[in-house]
Amino acid sequence: MDRANVNARRQAQSLENLRVENHALRTQLDDILELAHRNQSILARHQSFELKIIGASHFKELISYIFSELANTSDLDIVTLALVDPRQDLQQMLNDLRIDLQEFPGLLFVRHEHELQTKALLSYKPLLGKYQSHLYGNLYRSCAKKPASVAVIPLVRQNRLIGYLNLGSFCAERFLTTMATDFIERLGSIIAICLENVLNNERLVYIGLTDPLTNVSNRRYVEQRTLEEIARARRQSYGIACMYLDIDFFKKINDEHGHQGGDDVLCEVAKRIKAELRLSDTLGRFGGEEFVVLLINANLQDAMLVAERIRRSIAGKPFTLSDKGHCSTTISIGLTTVSEKHNLGEATAVAREMISRADRALYDAKRSGRNQVRCE
10 MDRANVNARR
20 QAQSLENLRV
30 ENHALRTQLD
40 DILELAHRNQ
50 SILARHQSFE
60 LKIIGASHFK
70 ELISYIFSEL
80 ANTSDLDIVT
90 LALVDPRQDL
100 QQMLNDLRID
110 LQEFPGLLFV
120 RHEHELQTKA
130 LLSYKPLLGK
140 YQSHLYGNLY
150 RSCAKKPASV
160 AVIPLVRQNR
170 LIGYLNLGSF
180 CAERFLTTMA
190 TDFIERLGSI
200 IAICLENVLN
210 NERLVYIGLT
220 DPLTNVSNRR
230 YVEQRTLEEI
240 ARARRQSYGI
250 ACMYLDIDFF
260 KKINDEHGHQ
270 GGDDVLCEVA
280 KRIKAELRLS
290 DTLGRFGGEE
300 FVVLLINANL
310 QDAMLVAERI
320 RRSIAGKPFT
330 LSDKGHCSTT
340 ISIGLTTVSE
350 KHNLGEATAV
360 AREMISRADR
370 ALYDAKRSGR
380 NQVRCE
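Note that this note's numbering numbers the sequence shown so that position 244 is 253, with each residue one more than the last.
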């Protein structure tokens, strides 16, 4: 009888062990299924994100997806993007295309990758780990609260670095140096391709609005931009200024140095004018040796200072020509302003009258001896 009881107890214990083991296995299976469903959901979100950025045809659209959709898709606290822009051509083009970069505080521009102050970033391999200000401070400088851990992903196209996608989390364990980087490398590759694509699209638009010789805006763009800025000045209640500029005795330069010499002077004049302007200002070639400048949020005193700087920069240094010769020239400038009080009526009429007044002031400068600024 005792042996029967012992066997019964053993069988009962075995059954209990099986039930416990079965429950543990069911729990593990439930966890695996839950993880699979969660991973499937994450994969679906990432696929949706990738389709959106691949379908983006404009820079602003793509950047908006990166900063909003990527953060939500990957459950990130911080996303920044640093683009390499050695000559600030990219910023100038985006500004000329009326893309307000201030809408994206997480969008950064660096003149050279060495500005990022760490040799570790030059390997073109993703870097994961705890946030260290001396390594990653420049990449997250727009963030009031710094991340605890980061993933810095180089964006490379055809062996050329175009920028860095920078992910951040307030959780110190989110990005560890021991983690595999296959997924984020793929993400970086897709975003790099999309960036290259939209920037090429924007450049095609920009080329249609750019003077091919001097590489500043053409007349069509300036006229279009003038109407937009008049409307914006009304909404935000500020004044704008317009300069009409003409190179003095330009025909003589062509006669003495040939058309190539004239082209050299035109290009250098445009470069010197541009150097005195803000990114928000507009410079365009109106034709021949004439240029127009539109100064945003500027009164007469501000505009006079800029105009004088331009005049001195042209007159103060000889121009180096392609044939190794040199020549000197000066520029005459007509200036006018439209204050918020006088920005009234139809925008096209305001624009026409503003440019006409600047042209009359230019004529006055020419008639009074050239190499000077006159206002109307």
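All C-beta atoms, glycine included, are put in the ideal place defined by N, C-alpha and C.
Complete runs of the alpha helix (DSSP H) confined to the region 155-225 [at least 4 residues] = Complete alpha helix (DSSP H) runs here, min 4: 191-216.
At what residues does the alpha helix (DSSP H) containing residue 83 begin and finish?
-> Counting along the chain, residue 83 falls outside any alpha helix (DSSP H), and DSSP gives it neither H nor E.
Given residue 220, which residues of its chain have a CB within under 6 Å of its CB, disregarding the five upstream and five downstream residues?
-> If you ignore the 5 residues before and after residue 220, its C-beta comes within less than 6 Å of the C-beta of 227, 294, all in its own chain and listed in chain order.
In terms of residues, what are the limits of the beta strand (DSSP E) holding residue 73?
-> Counting along the chain, residue 73 sits inside no beta strand (DSSP E); it lies in the alpha helix (DSSP H) bounded by residues 68-73.
So what's residue 360 in DSSP terms, helix, strand or just coil?
-> DSSP places residue 360 in helix when its eight states are reduced to three.
If we call anything under 8 Å between Cβ atoms a contact, is residue 360 one with residue 236?
-> Taking the C-beta atoms as reference points, residue 236 is found nearer than 8 Å to residue 360.
C-alpha gap between residue 156 and residue 180, whole angstroms = For residue 156 and residue 180, the distance between alpha carbons rounds to 8 Å.
What is the C-beta distance between residue 164 and residue 174, in whole angstroms, given that I count them as a contact (C-beta under 8 Å)?
-> Contact between residue 164 and residue 174 holds, with the beta-carbon distance rounding to 6 Å and staying under 8 Å.
Thinking just about the alpha-carbon of each residue, which of 108, 88, 84, 82 is nearest to the one in residue 154?
-> Taking only the C-alpha atoms, the option nearest residue 154 is 88.
In three-state terms, what does DSSP make of residue 9?
-> In the structure as shown, the chain begins at 10 and stops at 385. Residue 9 is therefore absent and cannot be evaluated.
Endpoints, the alpha helix (DSSP H) within which residue 240 is located = 228-245 is the span of the alpha helix (DSSP H), which, as asked, contains residue 240.
Leaving out five residues on either side along the sequence, give the residues of the same chain with a beta carbon under 8 Å from the beta carbon of residue 371.
-> For residue 371, where only same-chain residues beyond five positions count, the Cβ hits under 8 Å are 253, 254, 255, 341, 342, 343, 383.
Tell me, to the nearest whole angstrom, how far the beta carbon of residue 380 is from that of residue 324; I am working on the premise that it is less than 8 Å.
-> Contact between residue 380 and residue 324 holds, with the beta-carbon distance rounding to 6 Å and staying under 8 Å.
Determine whether the Cβ of residue 341 lies closer than 8 Å to any Cβ atom of chain D.
-> Checking the listed chains, one finds no chain D in this structure; it contains a single protein chain.
Simplified DSSP state of residue 134, which is helix, strand or coil = Three-state result, residue 134: coil.
Below 7 Å CB to CB, which residues in the same chain sit around residue 116 once its five sequence neighbours on both sides are set aside?
-> If you ignore the 5 residues before and after residue 116, its C-beta comes within less than 7 Å of the C-beta of 72, 90, 110, all in its own chain and listed in chain order.
Out of 81, 194, 148, 84, state which residue places its alpha-carbon closest to the alpha-carbon of residue 133.
-> Selection 81, 194, 148, 84 evaluated against residue 133 yields 194 as nearest (Cα-Cα).
Report the rounded CA-to-CA distance for residue 306 versus residue 320, giving the unit in angstroms.
-> Residue 306 and residue 320 have their C-alpha atoms some 21 Å from each other.
In the DSSP assignment, find the alpha helix (DSSP H) that holds residue 103 and state where it starts and stops.
-> In this chain, the alpha helix (DSSP H) harbouring residue 103 covers 98-105.
Is residue 346 near residue 312, with beta carbons less than 8 Å apart?
-> Yes.
Backbone secondary structure at residue 312 - three-state DSSP = Assigned with DSSP and collapsed to three states, residue 312 falls in helix.
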